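Here is the structure we will look at, set down as structure tokens.
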Amino acid sequence: VCSYMAKDTEVTWEAQRWTESDNWKSSRVLVAADTNAKSHLWHSGREDGRGQELEAFILGQGLAVVNRVSPHFTFEGAQGSSNIDLTLAGHSLAQRITGWRVLGGESVADHNYVCFDLDLGNRLPSASRKISKYALRRMDVILLRERAKEELAAAVAAGRLGVPLLDPTTVDTAVAALAEALWGAFQAATPLKRRKAWKKAVPWWTPEISVLKTRFRRARKKRRRSAQHEEEFQRERLAFNRAMRTAKRRSWRKFCS
Numbered sequence: 001v002c003s004y005m006a007k008d009t010e011v012t013w014e015a016q017r018w019t020e021s022d023n024w025k026s027s028r029v030l031v032a033a034d035t036n037a038k039s040h041l042w043h044s045g046r047e048d049g050r051g052q053e054l055e056a057f058i059l060g061q062g063l064a065v066v067n068r069v070s071p072h073f074t075f076e077g078a079q080g081s082s083n084i085d086l087t088l089a090g091h092s093l094a095q096r097i098t099g100w101r102v103l104g105g106e107s108v109a110d111h112n113y114v115c116f117d118l119d120l121g122n123r124l125p126s127a128s129r130k131i132s133k134y135a136l137r138r139m140d141v142i143l144l145r146e147r148a149k150e151e152l153a154a155a156v157a158a159g160r161l162g163v164p165l166l167d168p169t170t171v172d173t174a175v176a177a178l179a180e181a182l183w184g185a186f187q188a189a190t191p192l193k194r195r196k197a198w199k200k201a202v203p204w205w206t207p208e209i210s211v212l213k214t215r216f217r218r219a220r221k222k223r224r225r226s227a228q229h230e231e232e233f234q235r236e237r238l239a240f241n242r243a244m245r246t247a248k249r250r251s252w253r254k255f256c257s
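So that you can map any letter, position 176 of the sequence shown is 176 in the UniProt record's numbering, and since no number is skipped, the others follow by simple counting.
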């Protein structure tokens with residue numbers, strides 16, 4: 001379900017319209033919405049009345065908020081920056097979503113791109129896939145040992161380890177606690193691999209468009225600091241968009257001929 005919720009509309013009524021979809025199933029539904037609502041639940045920094053109303057609807061429908069903390073805001077405009085774009089999913093589908101993130105600086109609009117990965121298969125996440133995200137060569141072995149001791153001691157103090165294994169339940173609890181402690185120590189001692197900047201190679205891209213993109217992004221930053229730069233921002237955005245449209249059209253004609 002894709003939705004735009006204008007500021008002057010009643011948020012609960014707008015959200016209720018989602019349920020009118022023929023494909024609405026709360027356990028498997030995926031919602032992407034520009035809500036114009038703020039809530040700590042989706043990391044807006046502050047709450048407003050619309051956000052509180054939308055929270056109540058989300059909880060009532062049994063939906064999960066997919067948004068995660070990001071260095072970029074979903075909305076960055078002349079009036080300020082905030083997280084008002086919301087990704088929701090039914091709980092069974094939410095478990096298959098990973099890597100939710102905001103791509104800053106890639107969009108020519110005030111709303112940044114939101115990306116995430118959705119696993120449509122039946123396979124469970126493998127340990128090797130998780131570990132492959134970490135830079136093993138930069139692991140701090142001393143910190144790993146220290147954190148492992150701390151995590152294991154905490155598990156023992158909580159009664160999850162170091163207790164008699166009398167039945168399958170206690171065995172499962174101990175195994176889960178051990179795995180959790182070691183994984184926590186590993187994450188603390190091992191940095192993530194450096195992610196390369198998101199770029200998509202396209203045949204129509206030119207050095208001139210790169211220059212226009214740089215000028216547009218510079219103008220956008222200036223407009224965020226002061227509304228006095230609105231005219232410059234609009235001019236640079238128009239030039240950037242016009243250059244992209246022209247290049248795409250020229251590339252398509254070349255391909256067709």
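Don't be surprised by glycine CBs; every beta carbon is placed ideally from N, CA and C. Predicted model, so just to flag it, every value in this text is computed and none were measured.
- Contact between residue 177 and residue 161 holds: CB atoms are separated by about 5 Å, below the 8 Å threshold.
- In this structure the segment 181 to 196 lies against the segment 140 to 160, because at least three pairs of beta carbons, one per stretch, are closer than 8 Å.
- For the alpha helix (DSSP H) assignment, the uninterrupted runs of no fewer than 4 residues enclosed by the UniProt domain "Endonuclease/exonuclease/phosphatase" (26 to 114) are, from N- to C-terminal side, 49 to 61, 91 to 94.
- Each residue's CA atom was taken as its position, placing residue 151 and residue 133 some 22 Å apart.
- Secondary structure at residue 143: helix, using DSSP grouped into helix, strand and coil.
- In the three-state reduction of the DSSP assignment, residue 210 falls in the helix class.
- Residue 192 carries a strand assignment under DSSP once its states are collapsed to helix, strand and coil.
- At the C-beta level, residue 37 and residue 66 stay beyond 7 Å of one another.
- Around residue 244, the same chain offers 209 as residues with beta carbons nearer than 7 Å, after the five sequence neighbours per side are excluded.
- Looking at the DSSP output, residue 2 sits in a beta bridge with 32.
- When the Cα atoms are used, residue 7 and residue 50 turn out to be separated by approximately 9 Å.
- If you draw a straight line from the Cα of residue 205 to the Cα of residue 52, it is about 44 Å long.
- If you look at residue 133, you'll find it isn't in any alpha helix (DSSP H); DSSP assigns it neither H nor E.
- With respect to residue 103, residue 35 sits apart: the two C-beta atoms are not nearer than 7 Å.
- Shown here, residue 172 sits in a helix according to DSSP, grouped into three states.
- Here DSSP, grouped into helix, strand and coil, assigns residue 118 to strand.
- In the three-state DSSP reduction, residue 178 falls in the helix class (H, G or I).
- In the three-state DSSP reduction, residue 11 falls in the helix class (H, G or I).
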